[in-house]
Amino acid sequence: MNQNVTRRAAVAALAGGAGFLAHKAHGQVVWQVNASKCINSRLGETTVEACNLCTSSCVVGLSAVRAVNEHSKCGRCNICPAYFNITSAVDEKGMPSEKLCPRDAITRKPIGKQDPEDPSNNFYEYTIDEEKCDGCGRCVMKCKEPLGLGSITLRVRYDKCVLCNRCAISTACPKDALEQIPLPAALEPGLARRTE
Amino acid sequence: MGVRFHLAAVALLLLLPGEVLAQAIQYTRPVETAPQERTIGGGYKTPAAQKPLPRQYWLQVLDVVLLAGAMAVSAWIVLKKRNRRWLMGLAIFSLVYFGFYREGCVCPIGSIQNVAVALTDPKYSIPLVVIATFFLPLFAALFFGRAFCGGVCALGAMQEVVVLKPVQVPRRLDRVLGLVKYAYLALAIVLAIRPAIARDFVICRFDPFVGFFRKTGEPHMLLIGGVFLVAGMFIGRPYCRWFCPYGALLNWCSRIARRGVSITPHRELDCGLCNEACPYGAIEKMRAIRKDCLYCARCYASCPNEGERAKAKQELVTIGGSAR
Amino acid sequence: MKYQQSLVIGGKGSEPHQFAQSLTGLALDRRGLLHAAGDAEIKVYDPSGRLMSKWRTERPALSIAVASTGHVYCGEEEQIEIFDPAAKTARVWKDPKMLGRVTAIGFAGNYVLAGDAAGRAIRRLDSAGRTVNTIGTDNNVGGLLIPNGTVSFGVDGEGVIHAANPGKHRVERYSGEGELLGHFGRFHFQDPAGFTGCCNPTSVAIGDGIYVTEKAPPRLKVYGKDGQFGGVIAAECFDPNSKNIPVLAGARGRVYAADPVKLHILVFEPEAV
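Going down the list, the protein sequences come from chains A, B and C.
Heads up, the first sequence is in our numbering, so the first residue is 352 and it goes up one at a time.
Heads up, the second sequence is in our numbering, so the first residue is 64 and it goes up one at a time.
Heads up, the third sequence is in our numbering, so the first residue is 11 and it goes up one at a time.
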């Protein structure tokens, strides 16, 4: 009898608690990289090494953070400092001989009307293959202004991220660039600076 | 004091702009620097950057439905069907689905932290799915005891499958160790309700088996998991009995459970086989202690008056002639 | 030839001789006074760097040039504003289609040349501001490749236009009619004569030689008339984040370069041999 009363009280208390929390429930909140804080994309420092803590800290096998090229902001340059290693030796065609990405994740393809004779007379589209990219940030650092136009940023990919309570990358990031924001805002492209 | 203070203030002000400037570079930049589609020509369309979405909402709801369903099945198997084999089947399903497929996340054990934060931080957003994950096993416990622990919890199932030769832990030691989970619960809550930057989700960080579920993990996590697995071969479900903070909550709810595992008095033989069969020290004086019973149904499997053996005995008696 | 930095003019701040937000163009008039375009103003400095006068422009000033008559041409968005020698607005040439963003102005004969960054080309304008022809669009990409967003060129004594084509890592020579006469420069990282990065050189000026400025890392270099490398004039003094450094050639080998981040104008003199 006593037990019944206690049980009913417990059920009521739990139901009340659940209701109270449900009342407070918001939409989904996810982890995302803030491009204005991430060392690889934020403006200011020009001679630092690319930071790859996103690659090594994520609990998922291949990090859920990948580099993404926002095509509408990309310059489509012939010699892209994120695709090529511009410090490498120049081959006989006048192009750098080495590529930058250690996993060969960036593909380069000429677009629009093409001039077969002169490769520099074309626009090129650069796409990052997300299955190969591990978020090491080298291309992001090279695309950063002023060297590039800042169209490549590190973004969390939600088909890979397991949405930990406390993102392991957020603990490791030296600039606290990982923040929890509502999903629609997290899907917007990364902005390395505030526009005037 | 005056001059030195002012000098120090000036020096500080001179040092500040370095960091501020690094983040506030402003140079006018043309609006359309990147070539647009009409500039590139040739019918080129700018591809949109991919925006992979997280797992669809209905799949998350499905997980909650499966959780509820699995607990209902667990309660039915243990209280009605009273069959250990079916329970093991359920445990394997849970291990595969909630463990290896869903990679052990979101689990009710970890949800304690989310609920604690949601109660204390007005800015914290807790999804409905997590609320359901936290409360459903508790409701089940109020009516059926620790049905969750039986065949549903992936961590429990992981330990269930490695039980080889469990030793009976001395009762006093069992009692003392059982207090650790209350301390862990308190610690987990205290560390979770800190301000956002300092928040530490220790239950997640020291989850013994999530490293195996994800097939990757930090060395310390895999080590803890390995230790629990090896220990689990000789001690019945050590994490569940002594460390699981959610077990502390289930413990409280099970005390006032409406129904639970019952070793039926009218079939008592006083043989004590159930007592020896239970690896979790949940049988005292031939009765199941509801708050400790982990719903493994071993007591039924060993009882001569239960299940197959009882039926066989019944037939024997009927065939043999009049019962005494 | 080695150069030394002789003067620093302007700076970032709110004083009359300083710049608040931007410094985008440099020009010299016949008297040797330096005109600087920035914010929405034009400032005039004397050879010692003292501010002589300044006046407002209708829109933010993107480029500046001074004609032999003393008129000051200021390139802005969708228009060119022309001031008479008394700094009063004489004419405004509005042309949203042909003068989208005028980031460079030059003179060749009776024509005014305007570098339109929106169209990625150089427009040749008559004395009424109407576009006579367009230079630089006769190629596969339909213009100059300028991911940095500015068209920059200089005109030499013969009316040949030397335009920077940063996407192709070269300086191109065009006739007034738009015919490509030649080019010099190539992509190279180690060779200081080469242009590195994605798009360099960003700016060009013609004087005793061809002066170019680059970004990432920022440099000021000089080449001979036919493109042979003359040397690096300055590199370390620019803010590492600067790009589109306006450059101007003065008399007797003097070079002016404006740092768009620190918002000051550096004056370089060749060291006396």
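Glycine included, every Cβ here is placed at the ideal spot set by N, Cα and C.
Remember, it's a predicted structure, so these values are computed and weren't measured experimentally.
For PHE264 (chain B), the C-beta contacts it makes with chain A under 9 angstroms involve CYS515, ASN516, ARG517, in order along the chain. Under a criterion of Cβ atoms nearer than 7 angstroms, the residues of chain B adjacent to GLY152 (chain C) are, in order, THR102, GLY104. In this chain, the beta strand (DSSP E) harbouring LEU258 (chain C) covers 257–259. Cβ-Cβ distances below 8 angstroms link LEU500 (chain A) to LYS424, CYS425, GLY426, CYS494 in the same chain, with the five nearest sequence neighbours on each side left out; the list follows chain order.
Contacts with chain B (Cβ-Cβ distance below 8 angstroms) from the region 417–438 of chain A involve VAL419, ASN420, GLU421, HIS422, SER423, LYS424, CYS425, GLY426, ARG427, listed in chain order.
What ARG277 (chain B) touches in chain A, judged by beta-carbon distance under 9 angstroms, is VAL410, VAL411, GLY412, VAL513, going in chain order.
With a beta-carbon spacing of about 15 angstroms, TYR477 (chain A) and ARG454 (chain A) fall beyond the 8 angstroms limit used to define contacts.
In this structure, ALA114 (chain C) sits away from SER78 (chain C), with a CB-CB distance that is not shorter than 7 angstroms. Each of C:PRO157, C:ALA97, C:ASN149, C:SER162 was checked against the Cα of PRO467 (chain A), and the nearest Cα belongs to C:ASN149. Between ALA138 (chain C) and ALA128 (chain C), the alpha-carbon positions lie close to 21 angstroms from each other. Here THR206 (chain C) is buried, its C-beta having at least 16 other C-beta atoms within 10 Å. Distance between ALA96 (chain C) and VAL122 (chain C), taken at the CA atoms: about 21 angstroms. Following the DSSP letters along the chain, one finds TYR121 (chain C) in no alpha helix (DSSP H) but inside the beta strand (DSSP E) bounded by residues 121–126. In the DSSP assignment, ASP269 (chain C) falls within the beta strand (DSSP E) that extends over 265–269.
Under the three-state reduction of DSSP output, PRO533 (chain A) falls in the strand class. Under the three-state reduction of DSSP, LYS244 (chain B) is assigned to helix.
With contact defined as three or more Cβ pairs closer than 8 angstroms, the region 182–197 of chain B and the region 206–214 of chain B are not in contact. Leaving aside the five residues that flank ILE171 (chain C) on each side, the residues in its chain whose CB is nearer than 8 angstroms to its CB run, in chain order, GLY116, ALA118, LEU123, ILE132, ILE145, PHE163, GLY164, VAL165, ARG183, TYR184, SER185, GLY186. Cβ neighbours of CYS267 (chain B) within its own chain (closer than 7 angstroms, five residues either side excluded): GLY173.
Look at LEU505 (chain A): its C-beta is not under 7 angstroms from any C-beta on chain C.
With contacts defined by Cβ atoms closer than 7 angstroms, ALA131 (chain B) and SER157 (chain B) do not form a contacting pair. Contact annotation: TYR233 (chain C) and VAL257 (chain C) have beta-carbon atoms that are not nearer than 7 angstroms. In the three-state DSSP reduction, ARG183 (chain C) falls in the strand class (E or B). With fewer than 16 neighbouring CB atoms inside 10 Å of its own CB, TRP121 (chain B) falls in the exposed class.
Counting along the chain, the unbroken beta strand (DSSP E) around TYR221 (chain C) starts and ends at 220–224.
Below 8 angstroms, enough C-beta pairs join the region 267–276 of chain C and the region 19–38 of chain C to call them touching: three or more. Considering only B:LEU285, B:ARG262, B:ASP263, the residue with the shortest C-alpha distance to PHE272 (chain B) is B:LEU285. Here DSSP, grouped into helix, strand and coil, assigns TYR358 (chain B) to coil. DSSP places HIS422 (chain A) in no alpha helix (DSSP H); its state is neither H nor E. Segment contact: the region 351–370 of chain B against the region 245–254 of chain C, fewer than three CB-CB distances shorter than 8 angstroms; contact not assigned.
By the C-beta density criterion, VAL159 (chain B) is exposed, having fewer than 16 other C-beta atoms within 10 angstroms. Per DSSP, reduced to three states, the secondary structure at CYS512 (chain A) is coil, with no helix or strand assignment. Only those residues of the region 190–212 of chain C whose C-beta falls short of 9 angstroms from the nearest C-beta of chain A are listed: ARG196, PHE197, HIS198, PHE199, GLN200, ASP201, GLY204, THR206, GLY207, CYS208, CYS209. Spanning the alpha carbons of ARG350 (chain B) and TRP139 (chain B) requires a straight line of approximately 20 angstroms.
The Cβ-Cβ distance between LEU155 (chain C) and GLY177 (chain C) falls below 7 angstroms.
From the beta-carbon of VAL441 (chain A), the residues of chain C found nearer than 9 angstroms are ARG196, PHE197, HIS198, PHE199, GLN200, ASP201, GLY204.
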